[in-house]
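K.L.:
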Amino acid sequence: MATQWKMMLLTGAALLTADRAAAQAAKAIPDDQAGATEAADGNADITVTGLRQQYRGDVPLRELPQSVQVLSAEKLADAGITRLDDALDFASGVSRQNNFGGFFDSFAIRGFAGDDNTASSYLLNGFPASRGYGGIRDTSNVERIEILKGPSSALFGRGEPGGAINIVTKKPQFDRFAAGVTAAYGSFDRFRGEADINAPIAGSVALRVTGAYDEGDSFRDFVHFKKYTVTPSVLAALDRDTRLSYELEYVRQEAPFDRGIAAVNGDPQGLPRGLFLGEPGDGDIVVDALGHQVQLQHDFSKRWSLLLGGSYRNTSLEGFSSDPENVDGRQPYFSNAAVATTPILSRQRRFRNYDTKNLVFRAELSGHLDTGSIRHHLLFGADYDEFDLATRQDRFRPGTGANALSASATPAQLAGANAINVFAPVYGNLPSLVPFTDQRERQWSWGLYLQDQIDVTDALKVRLGGRYDHLEQQVDFRIRSAAGVPALAARQVQQRFSPQVGIAYVVGVPLTLYASYARGFRANAGTGAPDTRGAATLFQPEYTQSYEVGAKFAAFGERLTGTIALFQLDKENVLTADPTNPGFSRALGKARSRGIEFDADLSLPADLRLAVTFAYLDAEVRAAASDPNFGYQLRIGDPLINIPKTSGSALLFKDFTLGDRTLTIGGGVNYAGQRLGETGYRFPDGSFFKLPTYTTVRLHAAIDMTDTVRISGEVTNLFDRDYSSSSYSRVWIQPGAPRQFLVRAGFKI
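Per my numbering, the sequence shown starts with residue 180, numbered consecutively.
Spelled out as structure tokens, the structure:
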């Protein structure tokens with residue numbers, strides 16, 4: 180570790196710090212991405228020449244009939260945030276979900292999370308970036324995170340109705356060379372280095388390279404993690420009207436697969452939060468992701484621009500894991516009223532070898548034209564998306580009699596169920612595996628979209644939009660039957676038009692009122708029970724409807740800005756358990772989410788900066804269903820998993836002037852209300868298994884020692900609160916991290 184620490188300092192000595200000073204220099208203005216713009220810190224000699232944001236056109240954010248929240252690099256640096264999931268804790272209406280053993284960024288927006296078996300959808304510079312297995316996203320190359328709330332189906336298509344996350348990466352700058360490094364050390368022997376270099380090459384080409392290295396132990400027993408992120412990018416001005424960019428991203432993550440802890444008699448904090456219920460001998464899961472993005476923008480005039488782009492992303496995940504069994508008949512932990520007397524937990528063991536490829540092309544023409552006194556902000560686009568998912572899994576699973584194991588079980592009986600005593604675990608059992616799944620799922624889709632935001636008057640704006648999607652989906656099975664006959668492939672074609680309408684009324688600078696409606700759909704991955712020919716069946720896609728009304732406000736010379744929104748989202752064809760075929764799913768479910776959101780940013784006197792969010796959500800099941808495999812029953816009105824009724828956050832920072840230096844002190848608070856911890860399960864008294872309410876506090880401080888050196892640090896979970904961040908079931912509960920510290924030193928030139 181000491182050698183790695185020295186190497187981080189030495190190799191990064193020529194790279195730009197990712198701390199707040201660099202974040203300010205790199206920050207762009209969300210309402211104007213095209214062309215050259217002054218940097219957000221007001222330094223007129225620092226310019227950023229970028230590309231127009233996809234799907235945005237030339238309409239300012241405040242005139243869009245939807246809620247958009249922006250988390251800037253400056254705000255993330257102020258709070259010491261280095262991961263996407265930590266950043267989204269400060270977004271209204273966003274809640275954590277099942278994180279796939281620590282390898283998914285999984286979240287719900289406005290109550291809807293999507294497929295439990297995939298990472299949550301987000302975009303990187305407008306392109307899909309989360310499909311597959313890219314690991315936990317680092318923020319070292321992030322300029323800002325845009326949370327695009329509500330109905331966006333007319334442009335994005337094939338997504339969740341709650342909204343979309345778009346991550347905008349740092350772009351090369353033409354005007355000057357800048358370089359530096361940050362190096363950090365923290366709790367559990369964590370070492371982190373961040374690097375960033377910007378170098379103009381001639382007058383019309385600029386190069387930027389960002390990267391991060393993160394390694395350390397964890398509060399979780401036997402868990403050691405390591406992650407690398409490298410993102411080089413090039414921006415070229417081919418002429419005054421044409422810009423070309425290329426960006427590469429490589430990510431590697433190594434860590435044990437960790438499902439968390441189990442509840443004790445319904446108490447999700449009944450076991451030590453560091454207890455590892457997997458098997459240390461399984462070793463690490465290894466994730467590799469390599470992505471490429473190319474974009475070309477040509478401005479025909481001040482009114483019209485063409486944006487062409489392509490993205491290719493390859494990801495893989497491979498390794499062994501031991502996970503607690505979830506089915507009652509195979510889990511002795513579920514069969515006893517008092518776990519304290521029979522604390523035996525059976526486990527599956529798996530080997531996963533997953534690989535994905537995702538190819539996307541997009542063309543978009545945007546601009547405006549006038550018809551008399553009416554201005555039309557037009558956006559025409561077309562895209563093609565090809566996704567290839569290959570999954571192979573070998574598995575050991577406890578037998579159906581495993582639930583009869585007791586505290587007096589012999590070592591041989593425990594080994595036969597791959598079981599451990601949660602109060603006195605003995606590790607070392609590595610049962611042999613047999614092939615379980617081996618399949619390839621491919622999706623080919625193309626879409627056409629059109630949007631017209633009409634300035635009827637200076638105050639009244641009307642948006643009309645629509646998107647047509649064509650989707651082909653095929654699943655091929657590569658495990659043969661006992662007779663050696665390959666399983667029959669499943670294939671389907673889906674077509675869908677998704678309309679959107681919105682209206683915004685600008686009541687001067689202080690206030691914009693808006694309303695919108697949209698329909699959309701999202702493909703359901705995987706297959707259901709075989710048909711009469713023995714071929715697997717594909718699912719109908721989810722269909723959604725979204726309604727939203729809200730207000731955007733600005734006051735005190737825009738020192739106060741914010742949004743309040745009310746919404747209702749409806750889904751049908753949600754995957755639920757097949758009531759007649761145990762172990763399979765059917766697209767029969769319905770769900771609804773209603774709520775209100777509020778977020779505001781306020782610049783106060785005396786160099787105070789405040790950001791607050793609040794959300795109230797009522798997310799529930801709207802169609803009854805039963806699960807013969809787990810023995811559960813879903814009823815209309817049941818809550819959706821991991822969605823708190825109330826949640827909120829606050830960030831407060833103050834700058835102090837010490838001579839010619841600046842000291843920044845601040846912190847943040849996160850609050851999440853009680854949440855459902857397992858879908859469909861009820862205790863004998865009819866109550867749900869729920870995760871308790873929690874509040875965590877973080878502190879941060881930073882000081883500019885010189886013009887080139889900055890020292891900063893933070894403490895998270897200041898009061899060492901024992902809490903559960905999310906869960907999938909009573910035996911897959913993700914405990915929140917205890918109090919931790921991180922100190923960093925940054926150097927820039």
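Backbone N, C-alpha and C fix where the C-beta goes; we use that ideal spot for every residue, glycine too.
1) Less than 9 Å between the beta carbons of residue 436 and residue 607, yes or no?
2) Please list the terminal residues of the continuous beta strand (DSSP E) segment that includes residue 267.
3) Using the C-alpha atoms, what's the distance from residue 905 back to residue 777?
4) Return helix, strand or coil for residue 937, following the three-state DSSP convention.
5) Pick helix, strand or coil for residue 719, following the three-state DSSP scheme.
6) Between the C-alpha atoms of residue 907 and residue 804, what's the straight-line distance to the nearest angstrom?
7) Where in the segment 443-515 do unbroken runs of the beta strand (DSSP E), each at least 3 residues long, occur, reported from the N-terminal end onward?
8) Which residue spans inside the segment 373-407 form an unbroken alpha helix (DSSP H) run of at least 4?
9) Quick one: grab the DSSP three-state call for residue 769.
10) Restricting to Cα atoms, I'd like to know which of 670, 571, 408 and 321 is closest to residue 498.
11) Starting from residue 549, follow the beta strand (DSSP E) in both directions and report where the run begins and ends.
12) Could you check what DSSP says for residue 596 in three-state terms: helix, strand or coil?
13) Inspect the beta-carbon positions of residue 242 and residue 640 and report whether they are closer than 9 Å.
14) Tell me residue 579's beta-bridge partners as DSSP assigns them.
15) Among 530, 483 and 494, which one has its Cα closest to the Cα of residue 501?
16) If you draw a straight line from the alpha carbon of residue 915 to that of residue 283, how long is it in whole angstroms?
17) Rounded to a whole number of angstroms, what is the C-alpha to C-alpha distance between residue 756 and residue 392?
18) Report buried or exposed for residue 921, applying the criterion of at least 16 other Cβ atoms within 10 angstroms of its Cβ.
19) What whole-angstrom Cβ distance do residue 872 and residue 846 have, given they're in contact under 8 Å?
20) Quick check: what's the CA-CA separation for residue 578 versus residue 494?
21) Considering only their Cβ atoms, is the gap separating residue 389 from residue 421 smaller than 9 Å?
22) Could you check the C-alpha separation between residue 700 and residue 376 for me, to the nearest Å?
23) If you draw a straight line from the alpha carbon of residue 512 to that of residue 794, how long is it in whole angstroms?
24) What is the rounded straight-line gap between the Cα of residue 717 and the Cα of residue 825?
25) Compute the Euclidean distance between the alpha carbons of residue 424 and residue 675, then round it to the nearest angstrom.
26) With a 10 Å radius around its C-beta and 16 neighbouring C-beta atoms as the bar for buried, classify residue 550 as buried or exposed.
27) Does the separation of the CB atoms of residue 877 and residue 910 fall below 9 Å?
28) My guess is that residue 318 and residue 260 are in contact by the Cβ rule of under 8 Å, so how many angstroms apart are they, rounded?
29) Can you give me the start and stop residues for the beta strand (DSSP E) that residue 433 sits inside?
30) Ordered along the chain, which non-local residues of its own chain (more than five positions away) have a Cβ less than 6 Å from that of residue 295?
31) Tell me which same chain residues have a C-beta within less than 7 Å of the C-beta of residue 615, skipping the five on either side of it?
32) Identify whether residue 916 lies in helix, strand or coil by the three-state DSSP scheme.
33) List the DSSP bridge partners of residue 845.
34) Report yes or no: do three or more beta-carbon pairs, one from the segment 444-460 and one from the segment 855-870, lie closer than 8 Å?
35) Determine the DSSP secondary structure at residue 604, reduced to helix, strand or coil.
36) Who are the Cβ neighbours of residue 271 in its own chain at under 6 Å, not counting the five residues just before and after it?
P.N.:
Taking the definition as stated:
1) no
2) No beta strand (DSSP E) holds residue 267; the alpha helix (DSSP H) holding it covers 263-267.
3) 23 Å
4) Since the displayed the chain opens at 180 and closes at 928, residue 937 lies outside it and no answer follows.
5) coil
6) 18 Å
7) 464-478 and 483-503
8) none
9) strand
10) 571
11) 526-550
12) coil
13) yes
14) In the DSSP output, where bridge partners are listed per residue, residue 579 has none listed.
15) 530
16) 16 Å
17) 41 Å
18) buried
19) In fact, because the Cβ distance is near 20 Å, the residues do not count as touching under 8 Å.
20) 33 Å
21) no
22) 41 Å
23) 36 Å
24) 36 Å
25) 33 Å
26) exposed
27) no
28) 6 Å
29) 421-434
30) 277
31) 572, 573 and 574
32) coil
33) 832 and 879
34) yes
35) coil
36) 776, 778, 792 and 794
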